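K.L.:
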Amino acid sequence: MASSKDGNKNLSISERIKKNKETRKSLNIIEKIVPKLLLLCAIISVFVTVGILYTLLSETFTFFAEVSIVEFITETRWQPWQDSFGILSLVSGTLLITVIAMIVAIPIGVASAIFLSEYATDKVRRIIKPILEILAGIPTVVYGFFALTFITPVLSKIIPDLSFFNALSAGIVVGIMIVPMVASLTEDAMSSVPNHLRYGALALGATRLEVTFKVVLPAALSGIIASFALAISRAIGETMIVSIAAGATPKFTADPTQSIQTMTGYIVQVATGDAGYGTTIYYSIYAVGTTLFLFTLVMNLLAQYITRRFREEY
Amino acid sequence: MANKNNKNAVFSVENLNLWYGDDQALYDINMDITENEVTAIIGPSGCGKSTYLKTLNRMVELVPIVRTSGQIKYRGSNIFDKSYSVEELRTKVGMVFQQPNPFPKSIYENIVYGPKIHGIKDKETLDHIVEKSLKGAALWEEVKDRLHENAYGLSGGQQQRICIARCLAIEPDVILMDEPTSALDPISTLKVEELVQELKKEYSIVIVTHNMQQAARISDKTAFFLNGELVEYSDTNTLFSTPADKRTEDYITGRFG
Amino acid sequence: MKYIDSQKVKKRMGGRITRNTIAKGLFFFATLIGLFFLAALAYRILTQGIGNLDWEFLTGFTSYDPERAGILAGIVGSMWLMLVTGPVTVVLGVATAIYLEEYAKQGRLTRFIQINLQNLAGVPSIVFGLLGLTIFVYVLNIGEVVLAGGLTMALLVLPVIVVSSQEAIRSVPNSLRQASYAMGATKWQTIRRIVLPAAIPGILTGSILSLSRAIGETAPLLLVGASTAIFTLPSGIFDPYTAMPIQIYSWTQQPNPDFQAVASSGIIVILVFLLLMNSIAVIIRNKFSKRY
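Printed below as a string of structure tokens:
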């Protein structure tokens, strides 16, 4: 290199660039290889999905070799240690939590979104939004602890019959956890409604409330509904809050004051227990996991379908 | 075309057509661009002048739906040939954009970007290039004490001259300028115009401008584009004093556009 | 004749305005519920946990005696996890984002990858736990060690990092790319020297936020076998481990009510970690925002 460098000294920059071009074939190789490497990384995310499907399905098939699929779907008793595997108890537990969570999350989330998007001044919005984001960033194990040690004792003063572990407390806290998600997705949907629609109505003498309900919400409806679907999916998949506060007694019930068990709660119970690898109980968590996955997948696809199908064009 | 000063053509454009998808933007352009001159391209907005400029260094291909036919010969070889590398073309044919677009780096790093990507690494040469390029862009005196400050701290006019200096750093053959003064104030515009006059001693310059006075002030030849066609192309003095085409006359007398 | 009876309109106006005012109050009140809840949580955790939070707690292992239980193993374990999760997920995530934003043609494969990522983001974290349990712990036979936990977490936050990196890359103005191409730079040179440096603050912010999500995740770690009680610190990626949220979870499961205070102290520690990470992210975002 030293001699060629001295030789280069006398060349002009453009001549040196030309000379470099001829000697740097490696550049072309890099240009060809890099996209392939990047594509490989991008494909890994697809492999993750394939891995999830493969894992869930293969172990679930093993489970169904031992337990009848008809029993799994129709039986209402879930007592794995006595060999009864009726998923309906776990599904009802999950749905109970989800319904309670939505009763909390949807009104509070939407109302917060309306306040932030339509009523709040910039200054107020800039204070409240980050605080709501903090709510979204708190680990779920913390929420679970709070539900068990704070919300349940408070509720049991109002409802004396309340079990120590119960669906109500866990459901409320799951709901609170989801509020920021509903609020921010709903606000996104509302703020994408162009201002000229608002001004049009306001200029006719409509109040903010009328503008919100007659102009903004109808225009933003698809985005809002999609956010509900995502919130439901999130509530179905929530694990730690229900593991800690909702109990571990699968029941086919709609009574929120009782101890129940969700699909996620069961998986955690088995994973932290001592059921060995290869037992029916071990495989049962995959059957439950598959059911859980299907529920959330349907909600996620629904959300995507709604956003795509009903995308508003202004 | 008669070359009275015996100058060579850097570009010979032959039967160039260009489409964006199904919309044709350039129709059968034939045009020679002469070395060490300033060639101005004028025309109303949407006439294809900017598209044409970007075709000369194939930047237009960054829009994926673009198709072309015909050929552009740069120093004798067709730039649309499969074997012709765009990187090589753009190393020889530099470009200055409408909006100043320095990189979010120091002034120094902006200038040495080109040399570095083309494999020039030794500090001494790079320092030398920075000084020479900044002097070439008439900016050295203004920035020599703050070479390592972010280029975004400079004024718009200075930023545009940074972009010109950045272009000079790899010693191009041709410099394409796409309305380089449209985002600048009158004083900065004047400086860039003076710079162009200086630069044509060493470089061939093609400049797109929406400003006819500017074209008249700084160019040797002027081409008038309308609706994707090259209507008239001649010496700047001829074009502005005795236009051959009625449409050119209408345009330069301000009857439309 | 007039269709609008201005008297009637006037009469109704008062009611409409009152309704608007009441509604505004209700919306504001609903917004406050979330904030009240946060305040209650913070107050509860602080009053319960601050008394127990001392040097001994930070440097001790867990114990059956609530007085002596500490979170050291959790802190160290969580850091080990991040040492695996961070590099793996950032490299994969940024590479995927670069591919999708800069190279991918708008075709079926790109669309498929995008939709797949979108769906992956909606998969419950516990399902990632099942994936990790099967693939990393059993099939690849890595065992219930740091590496398995870290890789599981990496896959879990991958979609988040991809999306935030894509946004960062997309926000780099095209004029910079054009300037680079116009100098004769190749695509990869442009990406490496112009696009990535300009997108780095955004990528960094997104990465830190994703990792802070990973630090708080509990469920997948329970599946891939983080221990609840451990009395040696991991010294490599093939050692057994625990993590902060796992320890907090195990304390909530203790029948002795004194462990509530221990759990609260643990929660304060993890929240301080999250707060630190988020502050760094905010600082980076503010420092580098609006540069072009």
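So the protein sequences, as listed, match chains A, B and C.
Last residue of the first sequence: number 314 in the working numbering, and the count goes up by one each step with no gaps.
Last residue of the second sequence: number 257 in the working numbering, and the count goes up by one each step with no gaps.
Last residue of the third sequence: number 292 in the working numbering, and the count goes up by one each step with no gaps.
Note that CB positions come from ideal geometry on N, CA and C, so glycine has one too.
Keep in mind it's a predicted model, so treat the numbers as computed, not measured.
1) Among B:Gly46, B:Asp28, B:Ile33, B:Gln24, whose alpha-carbon lies nearest the alpha-carbon of Tyr74 of chain B?
2) Is Met82 of chain C near the ligand NAD, judged by its Cβ being under 7 Å from some heavy atom?
3) What does the alpha-carbon distance come out to for the pair Val216 of chain A and Ala113 of chain A?
4) Would you please verify whether the beta carbon of Phe273 of chain C is less than 8 Å from any beta carbon of chain A?
5) Could you work out which residue in C:Tyr241, C:Pro124, C:Pro245 is closest to Leu155 of chain C when comparing CA atoms only?
6) Determine the chain B residues that contact Asn20 of chain A at a beta-carbon separation under 8 Å, and present them in chain order.
7) Is the CB of Thr239 of chain A under 8 Å away from at least one CB in chain C?
8) Pick out whichever of A:Lys129, A:Ile267, A:Leu294, A:Pro139 has its Cα sitting closest to the Cα of Gly247 of chain A.
9) Please tell me whether Ala168 of chain C and Ile203 of chain C are closer than 8 Å, where the distance is taken between their beta carbons.
10) Anything in chain C within Cβ reach of Gly43 of chain B, meaning under 7 Å, just list it in chain order.
11) Using a threshold of 8 Å, state whether the C-beta atoms of Gly206 of chain C and Ser164 of chain C are closer than that.
12) Going by other Cβ atoms of all chains shown within 10 Å of its Cβ, with 16 needed for buried, is Arg208 of chain A buried or exposed?
13) Can you tell me which of B:Asn101, B:Cys167, B:Gln160, B:Asp122 puts its alpha carbon nearest to the alpha carbon of Ala133 of chain B?
14) With which residues is Arg67 of chain B paired in a DSSP beta bridge?
15) Does the count of Cβ pairs from the region 114-122 of chain A and the region 221-232 of chain C closer than 8 Å reach three?
16) Which of the three DSSP states, helix, strand or coil, is assigned to Ser210 of chain C?
17) Ends of the beta strand (DSSP E) at Leu176 of chain B?
18) Which residues does DSSP list as the beta-bridge partners of Met299 of chain B?
19) Check for me: the alpha helix (DSSP H) holding Lys187 of chain C runs from which residue to which?
20) Do you know how far the Cα of Ile215 of chain C is from the Cα of Asn278 of chain C?
21) On a Cα-Cα basis, can you pick out the residue from A:Ile176, A:Ser163, A:Met181, A:Ala147 that is closest to Ser169 of chain A?
22) Could you say if the region 280-292 of chain A and the region 189-202 of chain A meet the contact criterion of at least three C-beta pairs nearer than 8 Å?
23) What number of angstroms, rounded off, separates the C-alpha of Ile208 of chain C from the C-alpha of Val195 of chain C?
24) For Ile306 of chain A, would you say it is in contact with chain C, using Cβ-to-Cβ distances shorter than 8 Å as the test?
25) Do you know how far the Cα of Phe61 of chain C is from the Cα of Thr232 of chain C?
26) List the endpoints of the continuous alpha helix (DSSP H) containing Thr55 of chain A.
27) On the DSSP bridge assignment, give the partners of Trp78 of chain A in chain order.
28) Using C-beta distances below 6 Å, list every residue in its chain close to Ile17 of chain A, excluding the 5 sequence neighbours before and after it, in chain order.
29) With 7 Å as the C-beta to C-beta threshold (strictly closer), list the residues of the region 41-54 of chain A near chain C in chain order.
30) Got a sec, what are the start and stop residues for the alpha helix (DSSP H) Lys123 of chain A sits in?
31) Taking Tyr233 of chain B as part of the beta strand (DSSP E), name the residues at either end of that continuous run.
32) Quick check: the region 123-139 of chain C against the region 52-69 of chain A, are there 3 or more CB pairs under 8 Å?
33) Alpha carbon to alpha carbon, how far is Ala111 of chain A from Phe27 of chain C? Give it in angstroms, no decimals.
34) Could you pull out every residue in the same chain whose Cβ sits closer than 6 Å to the Cβ of Ile107 of chain B, ignoring the five residues on either side in sequence?
35) Just the chain C side, please: which residues come within less than 9 Å of Arg208 of chain A by C-beta, in chain order?
P.N.:
On the basis of the coordinates in this document:
1) B:Ile33
2) Summarising the ligand content, the structure contains no ligands, and the ligand NAD is consequently not present.
3) 12 Å
4) no
5) Closest option to Leu155 of chain C, Cα to Cα, is C:Pro124.
6) Residues of chain B with a Cβ closer than 8 Å to the Cβ of Asn20 of chain A are, in chain order, His118, Gly119, Ile120.
7) yes
8) The shortest C-alpha separation from Gly247 of chain A is found at A:Ile267.
9) yes
10) Ordered by position in chain C, no residue passes the 7 Å Cβ test against Gly43 of chain B, which lies about 22 Å from the chain.
11) yes
12) buried
13) Checking the sequence, you will find Ser at residue 133 of chain B rather than Ala. Closest option to Ser133 of chain B, Cα to Cα, is B:Cys167.
14) B:Trp19
15) Verdict: no, contact absent.
16) Helix at Ser210 of chain C.
17) 174-178
18) As displayed, chain B neither begins before 1 nor continues past 257, which places residue 299 of chain B out of reach and without an answer.
19) 187-190
20) 12 Å
21) A:Ala147
22) no
23) CA-CA distance, Ile208 of chain C to Val195 of chain C, rounds to 20 Å.
24) no
25) 8 Å
26) 26-66
27) Beta-bridge pairing links Trp78 of chain A to A:Phe85.
28) Same-chain partners within the cutoff: there are none.
29) Within the region 41-54 of chain A, the qualifying residues are Cys41, Ala42, Ile44, Ser45, Val46, Val48, Thr49, Gly51, Ile52.
30) 122-137
31) 229-235
32) They touch, by the three-pair rule.
33) Cα to Cα, Phe27 of chain C sits roughly 5 Å from Ala111 of chain A.
34) Val143, Leu147, Ala151
35) Asn20, Ala23, Lys24
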